[in-house]
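Protein chains: 2
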Amino acid sequence: MADIKLKDLRYLVALADTRHFGKAAERCFVSQPTLSAQLKKLEDYLGVTLVERQPKHAMLTPAGEAIVARARRIVESSDEVVEIARSHRDPLAGRLRLALLPTIGPYLLPSVAPRIRKALPRLELMLYEYQTGPMLERLRAGDIDVGILALPIELEGLESRALYEEPFVLTVPTHHPLAQKSQVKTDDLKGVTLLLLEDGHCLRDQALDVCSRIDVHEKQDFRATSLETLRQMVASGAGVTLLPELSTLGPYATARGLVVRPFVKPAPTRQVGAVWRRTHPRQRAIEAVANVIAEYALQQPRGRS
Amino acid sequence: MADIKLKDLRYLVALADTRHFGKAAERCFVSQPTLSAQLKKLEDYLGVTLVERQPKHAMLTPAGEAIVARARRIVESSDEVVEIARSHRDPLAGRLRLALLPTIGPYLLPSVAPRIRKALPRLELMLYEYQTGPMLERLRAGDIDVGILALPIELEGLESRALYEEPFVLTVPTHHPLAQKSQVKTDDLKGVTLLLLEDGHCLRDQALDVCSRIDVHEKQDFRATSLETLRQMVASGAGVTLLPELSTLGPYATARGLVVRPFVKPAPTRQVGAVWRRTHPRQRAIEAVANVIAEYALQQPRGRS
DNA sequence: TCCGGGCGATATATATTGTCTATCGAAATA
DNA sequence: TATTTCGATAGACAATATATATCGCCCGGA
Chain S
27 MADIKLKDLR
37 YLVALADTRH
47 FGKAAERCFV
57 SQPTLSAQLK
67 KLEDYLGVTL
77 VERQPKHAML
87 TPAGEAIVAR
97 ARRIVESSDE
107 VVEIARSHRD
117 PLAGRLRLAL
127 LPTIGPYLLP
137 SVAPRIRKAL
147 PRLELMLYEY
157 QTGPMLERLR
167 AGDIDVGILA
177 LPIELEGLES
187 RALYEEPFVL
197 TVPTHHPLAQ
207 KSQVKTDDLK
217 GVTLLLLEDG
227 HCLRDQALDV
237 CSRIDVHEKQ
247 DFRATSLETL
257 RQMVASGAGV
267 TLLPELSTLG
277 PYATARGLVV
287 RPFVKPAPTR
297 QVGAVWRRTH
307 PRQRAIEAVA
317 NVIAEYALQQ
327 PRGRS
Chain B
27 MADIKLKDLR
37 YLVALADTRH
47 FGKAAERCFV
57 SQPTLSAQLK
67 KLEDYLGVTL
77 VERQPKHAML
87 TPAGEAIVAR
97 ARRIVESSDE
107 VVEIARSHRD
117 PLAGRLRLAL
127 LPTIGPYLLP
137 SVAPRIRKAL
147 PRLELMLYEY
157 QTGPMLERLR
167 AGDIDVGILA
177 LPIELEGLES
187 RALYEEPFVL
197 TVPTHHPLAQ
207 KSQVKTDDLK
217 GVTLLLLEDG
227 HCLRDQALDV
237 CSRIDVHEKQ
247 DFRATSLETL
257 RQMVASGAGV
267 TLLPELSTLG
277 PYATARGLVV
287 RPFVKPAPTR
297 QVGAVWRRTH
307 PRQRAIEAVA
317 NVIAEYALQQ
327 PRGRS
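Which chain is which? The protein sequence lines are S and B, in order.
When we follow my numbering, the leftmost residue of the first sequence carries the number 27, and every step to the right adds one.
When we follow my numbering, the leftmost residue of the second sequence carries the number 27, and every step to the right adds one.
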């Protein structure tokens, strides 16, 4: 069950090119006896004479010619392997698959993606949007490299890092009683009708959690499929909802028919973090991406008064 | 200047298939630590992590995937090399390039070629026709494997073997005085007009040699380019010639207008032999071919009385 | 014919390295 | 908490690739 050695094939190719054992050995940076002995072993292993040793110049047998033709391709390919490896050597280069929660991605990416691209220009960022469950599955399956979601989660073989703490804000229709207050308390939610996302969105559970000790009514037969439909429902007066602060900043801050009210401190929040396989070979790239996100969050105005 | 080892690529491919170090090691008939250590060395050499070691099942990094793809083709090709070698292993199989003198080939081959094919069915016989000089050149250059010609010759790095001794016969026009004799002596050639082949044909020199001590006249301004034109010239009465006996047997014995007369013994002859490079790797095939020719010659009626 | 040079093969010592067994350590499982 | 799984590590051993020195064979020139 022995094996051909790649080095021997190199020797053979060199001999085919030079037709001279000494020259071939020189080209391979070995002594002549080495090349001679190794080629002999190769011939013994293959059971065929590859080289006809003539006094002046060596020449290849038909078997030798046939095998050298393959050997050239093999040697080339093996050099390509080294070349491919070299191109993958930079841990901050290459494809990195990043997934975000649907309640985070659309609001974080417009500002953060350009920063990542600028800080890590050789990184080819591939973006995905998954809810927590599927995201963790795909993370473990190796379909994605990093997930951005709400901590804590059940980590098995996964590593996580907190990135920023995101306050919730209350979103109410313009003419709702609570719109009169500049800040709200969780107790203010007593008796109001709450609109929530459908099952699977962790934001739904987080909102329910905030209201756990309070008597609120979830609007029956309604489960929004996205933050945007939820926002539109609030604007149409069907109820109120909790939104992550980031989704109410920027272009979304100007939506008509609804107002946004922060909670009095300590405001309810959720912890946003990054998750990846503990065994991931490019921890440095992941760390770098996480750093960019965390730094961006630091610079944001927090909990507008 | 170290080198990738083919075996390592096998290990990598096995790991890619099994996603499990133990299983992969088993498939490669080595212990798990061996495969583990070798793959680590490969990664170190390439400067890239190829495998992500997860607790349950290993998985390949993008670099690993890219390299495994190449590795599969390399391993396949290296197996093909072994396969090619196997197909060349039988020394009595494969192409053998055989050259014959123009004064031998056309008369020997019709009977001998079928016998060679029968005795050595796996031999792919390629036939050529060259005069002595070019034949030896091509022999030394490796363009042909065996030459059938008249010995002795200057052998440099060449080996030779006598196959059979071929008598010369005298060929004269039907109405020539010498046609009256049933056997001729070389002295009978005194004063006759001799027709010969052009320069380059060794038969020309051999004929001149036979007549060296006799006063013969070579026909001026005439040099035949082949035995057949020579034969036709004799039939037309232009003179007489010496022919190798084999060329006057079989279908050629019945030519019109000329008769063939053997010499009294000891008749002049030429030694026909085989020549090949001393270094030729398939001595056995050459020997086998030579045997068939020599045996055939033994069975032939010699010097018809 | 003898001698010298070119070239590949052989002999022997040595350093490398691939391989084994035994064991460890980490992480998942019960 | 105990057990199992799985890959990594340690250390000994054996295979082997390599180098230096030398041999033997042809060939060419004096």
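Beta carbons are placed, not taken as given, at the ideal position from N, Cα and C, and that holds for glycine.
Asked	Found
Cα-Cα separation, S:GLY265 to S:VAL318	36 Å
Buried versus exposed, by CB contacts within 10 Å (16 or more), S:PRO199	buried
Within chain S, the residues that B:GLU78 reaches when beta carbons sit closer than 9 Å	GLY168, ARG303, THR305, HIS306, PRO307
C-beta atoms of S:ALA300 and S:ILE174 nearer than 8 Å	yes
Alpha carbon of S:VAL218 to alpha carbon of S:SER273, nearest angstrom	22 Å
Chain S contact residues for B:ILE93, given Cβ-Cβ distances below 7 Å	VAL107, ILE110, ALA111
N- and C-terminal bounds of the beta strand (DSSP E) containing B:SER186	184 to 199
6 Å Cβ shell around B:ALA97 - same chain, five flanking residues per side excluded	LEU35, LEU38, VAL39
For B:ALA125, the residue or residues it bridges with in DSSP	B:TYR154, B:GLY173
Beta-carbon proximity list for S:GLU224, same chain, < 8 Å, skipping 5 on both sides	ARG230, ARG249, ALA250, THR251
B:LEU162 at chain S interface by Cβ criterion, 8 Å	no
Whole-angstrom C-beta distance between S:LEU32 and B:ASP29, which should lie under 8 Å	6 Å
CA nearest to the CA of S:ALA42, picked from S:LEU86, S:LEU65, S:ALA63, S:GLU109	S:LEU86
Inter-residue spacing [alpha-carbon to alpha-carbon] between B:GLU254 and B:PRO160	21 Å
The beta strand (DSSP E) enclosing S:GLY299, as first and last residue numbers	295 to 303
Beta carbon proximity, S:ASP43 to chain B, threshold 8 Å	no
Contact test: B:ASN317 Cβ vs the ligand ADP heavy atom, cutoff 7 Å	Here there are no bound small molecules, and the ligand ADP is not part of this structure.
Start and end residues, alpha helix (DSSP H) containing S:THR255	253 to 261
Reference S:GLY90, options S:PRO132, S:SER57, S:ARG45, S:VAL56, closest by Cα	S:ARG45
Distance CB(B:ARG296)-CB(B:ALA176) smaller than 8 Å	yes
Members of the stretch 111 to 145 of chain B near chain S, C-beta cut-off 8 Å	ALA111, ARG112, HIS114, ARG115, GLY120, ARG121
From S:VAL74, S:ARG308, S:CYS54, residue whose alpha carbon lies closest to that of S:ASP116	S:ARG308
Member of B:GLU192, B:LEU234, B:LEU221 whose CA lies at the smallest distance from the CA of B:ALA323	B:GLU192
Boundaries of the alpha helix (DSSP H) in which S:ARG36 is found, first to last residue	32 to 44
S:MET259 versus S:ALA205: straight-line alpha-carbon distance, rounded	16 Å
Listed by chain order, chain S residues near B:SER104 by CB distance under 7 Å	ILE30, ILE100
Below-8 Å beta-carbon distance, S:ARG96 vs any chain B residue	yes
Local conformation of S:PHE248 per DSSP, three classes	coil
For B:ALA281, the nearest candidate out of B:PRO292, B:ARG239, B:ALA261, B:HIS306 (CA to CA)	B:ALA261
Interface flag, S:ALA314 vs chain B, CB-CB below 8 Å	no
Same chain, Cβ closer than 6 Å to B:VAL290, neighbours up to 5 away in sequence not counted	GLN209, LYS211
As assigned by DSSP and simplified to three states, the class of B:THR75	coil
Endpoints, alpha helix (DSSP H) assigned at B:ARG99	88 to 113
C-beta neighbour in chain S for B:GLY48, strict 8 Å	no
Chain-ordered residues of the stretch 65 to 89 of chain S with a beta carbon less than 7 Å from chain B	LEU72, GLY73, VAL74, THR75, GLU78, ARG79, GLN80, PRO81, MET85, THR87, PRO88, ALA89
Neighbour flag for S:GLY265 against chain B, beta carbons, 8 Å	no
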